[in-house]
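**Student:** According to mature numbering (1 follows the signal peptide of the UniProt record, and there is no 0), the residues represented by the sequence shown are -22 to -1, 1 to 430, in order. All C-beta atoms in this analysis are idealised placements derived from N, C-alpha and C, irrespective of residue type, glycine included. On a predicted model such as this, the values are computed, not experimentally measured, just so you know.
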Amino acid sequence: MRKISHFLMALCMLAVERSASSSSSPSVPASKRNVNDLSRWASEQGVVMHESLRWKQQAANEDDDGNDDNIGVELTEPVEPGTVLLKVPRSIVFDAGRIRSELEAESPEKVGAALARLRSDGFEQHAEGFFIFAKVLRCCLEGESSAWAPYIQSLPRNFVEFSSAEKSCLPYYAKYIADYQEEKLASFCEAAFGSGLVSEAPGSSEQARFAFCAVSSRFWKTSSTEEGTAALMKGMGDSSSSPTTKQPTSELVPVGDMFNHREPPNVAIAHEGDDYVSFVYKGNTSGDEDNLDLYITYGQPSNPHRFLGVFGFVPVADMPNLWSHLVYVDNPFTENVEAMTFRTSDGHIPKQVWDAVLYALLEPKHPPGEPPEFTEEQHTKYRSYTADILKGHIEKQLEELATLKKKIQMVEAIGGSSNGNIGLVRQHNEFLSGVFEKAAKQVGGDPQEERT
């Protein structure tokens, strides 16, 4: 009882209201954000929170977007690695597999029509996210009568929505993600309303955008093992079985979605059979042993474009590696995206990147699934060629960012309430430029040191 009481007291002390912001989407639920009722609801649903865990609201100077939405969790005192910090009953988890089964029990025809729409729009691979979206949207439209109403009311009200001018200042991959999110939202709405899975009502389009943004920024793919879930959230591996449906799934975990992002994380997600989703403390790294803040990973930790387009922030201080942006077709070394990176602190270029460039240069023959192991002698022999290729690639990235810098200056000079995210775009682009400039210097460094 002590653990739940601590949870209630911590939540009751924190009430967050939406602050006006011209840069955020105007599409929000009818009422303001409120986490007060979440405490009662969580207690009723059997959420168990460790007595050393409490809610933390970021200070104003730490809240990047100024919307007072950045709520996280922290420890009041150190705990041992392996400590279960939070247990959320699966009965309140938005499990994509379970939701699909529920909807198919209602009307298999409507589910089929919705999936057909996603398929025709090219978004069939996002069916799991769609089912969570449909369920959350239903909860939004049900209002206070929804069993999840207190949770819905606790969600942020502000999500990034880029203007056309702001999109023109984004580099290729960031703009692609921003456009893709808008197209996916349109497809989800057509699938939900057009199939009849969700009934349209006054304000439903605003509710749909809110539900889409909330789900997109807070759900994750899941596995029946802690290691499997960790791999999935980093963008590696395939979905394992859902604890409830035994089918590949994704999930949105109320209360558990309050953990903020960091790479590396110090909290892991685990499943206890059909009963709970648990959040387990793994311990801090040597550099922050005394840090009481708690983090999970939001996945794809070296991809700043995804963080900007989906989550609406740039984890400049929490991205130790940046994706190199090297893309080769049928190159086995580029398949592991998280290894194809530049170190953000100094631009260090790992051996995997040099191997990928050398492979693209030589196009060696080898058995399927058995890529060659390039020797130091081979790298030295072709050093001038691979260095030129890599240098040209980096220069191309910097040229694009330099052009976009001028566009940003123009948009900033014009101003306007519709371009309130331009500062965030500038931060994103400057982060990329800084890392690429460091990597450019590394190309001219010691070859053997670079490839370690």
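Are the CB atoms of Leu270 and Thr54 within a distance shorter than 9 Å?
**Tutor:** Cβ atoms of Thr54 and Leu270: closer than 9 Å.
**Student:** Going by beta carbon distance, what residues of the same chain come within less than 8 Å of Phe108, once the five residues before and after it are set aside?
**Tutor:** Ala92, Leu96, Phe101, Phe166, Ala169, Ala170.
**Student:** Give me whichever residues DSSP pairs with residue 490 in a beta bridge.
**Tutor:** Since the displayed the chain opens at -22 and closes at 430, residue 490 lies outside it and no answer follows.
**Student:** On a Cα-Cα basis, can you pick out the residue from Gly401, Ala418, Glu415 that is closest to Gly143?
**Tutor:** Note that residue 143 corresponds to Ala in the displayed sequence, not to Gly. The shortest C-alpha separation from Ala143 is found at Gly401.
**Student:** Sort out for me which residues DSSP pairs Tyr273 with in a bridge.
**Tutor:** DSSP output for Tyr273 lists Asn238 as bridge partner(s).
**Student:** So within the segment 133 to 195, which uninterrupted beta strand (DSSP E) runs reach at least 3 residues, ignoring any that extend past its ends?
**Tutor:** As far as the segment 133 to 195 is concerned, it has no whole beta strand (DSSP E) run of at least 3 residues.
**Student:** Mapping DSSP to helix, strand and coil, what is Gln35?
**Tutor:** Correct three-state label for Gln35: strand.
**Student:** Can the beta-carbon of Ala192 be found closer than 9 Å to that of Val114?
**Tutor:** Contact flag set, yes.
**Student:** Which residue from Thr381, Gly234, Gly370 puts its Cα closest to that of Val62?
**Tutor:** Among Thr381, Gly234, Gly370, the Cα nearest to that of Val62 belongs to Gly234.
**Student:** Suppose contacts are defined by Cβ-Cβ distances below 9 Å. Is Asn407 in contact with Lys383 by that definition?
**Tutor:** Contact flag set, yes.
**Student:** So, for Ser228: in the same chain, excluding its five sequence neighbours on each side, which residues have a beta-carbon less than 7 Å away from its beta-carbon?
**Tutor:** Here the set comprises Ala74, Glu106, Gly107, Ile110, Phe197, Trp198, Lys199, Thr200.
**Student:** Quick check: Val331 and Ser362, are their CB atoms within less than 9 Å of each other?
**Tutor:** No, they are not a contact pair.
**Student:** Where does Leu410 sit, in a helix, a strand or coil, going by DSSP?
**Tutor:** If DSSP states are grouped into helix, strand and coil, Leu410 belongs with the helices.
**Student:** Judging by CA-CA distance, which residue of Lys359, Asn309, Pro345, His344 is the nearest neighbour of Ala338?
**Tutor:** Comparing Cα positions, the closest option is Asn309.
**Student:** Taking the beta strand (DSSP E) that Lys199 falls in, what are its first and last residues?
**Tutor:** Per DSSP, Lys199 belongs to the beta strand (DSSP E) from 198 to 200.
**Student:** Within 10 Å of its beta-carbon, does Tyr154 have 16 or more other beta-carbons around it, so buried, or fewer, so exposed?
**Tutor:** By the 10 Å Cβ count, Tyr154 comes out exposed.
**Student:** Apart from the five residues just before and just after Leu16, which ones in its own chain have a Cβ nearer than 7 Å to its Cβ?
**Tutor:** If we look at Leu16 and ignore the five residues flanking it on each side, its Cβ neighbours are Leu(-12), Pro128, Tyr129, Ser132.
**Student:** Do Gln278 and residue 434 have their beta-carbon atoms positioned less than 9 Å apart in this structure?
**Tutor:** With the chain represented from -22 up to 430, any question about residue 434 goes unanswered, as that position is not in the structure.
**Student:** Candidates Asp253, Leu272, His249, Glu250: which alpha carbon is nearest Tyr259's?
**Tutor:** With distances taken between Cα atoms, Tyr259 lies closest to Leu272.
**Student:** Under 6 Å Cβ to Cβ from Lys162, same chain only, skipping five residues before and after it: list those, please.
**Tutor:** Contacts found: Phe101.
**Student:** Going by Cα to Cα distance, which pick from Asn244, Gly347, Leu379 is closest to Glu58?
**Tutor:** Ranking Asn244, Gly347, Leu379 by Cα distance to Glu58 puts Asn244 first.
**Student:** Give the secondary structure of Met27 by DSSP, where H, G and I count as helix, E and B as strand, and everything else as coil.
**Tutor:** If DSSP states are grouped into helix, strand and coil, Met27 belongs with the strands.
**Student:** Is Arg116 buried or exposed, if buried means 16 or more other CB atoms sit within 10 Å of its CB?
**Tutor:** With 16 or more Cβ atoms within 10 Å of its Cβ, Arg116 is classed as buried.
**Student:** For Arg321, write down the residues that DSSP places opposite it in a beta bridge.
**Tutor:** Bridge partners of Arg321: Asn299.
**Student:** What residue range is occupied by the uninterrupted alpha helix (DSSP H) comprising Val294?
**Tutor:** Neither: Val294 is in no alpha helix (DSSP H) and is coded neither H nor E.
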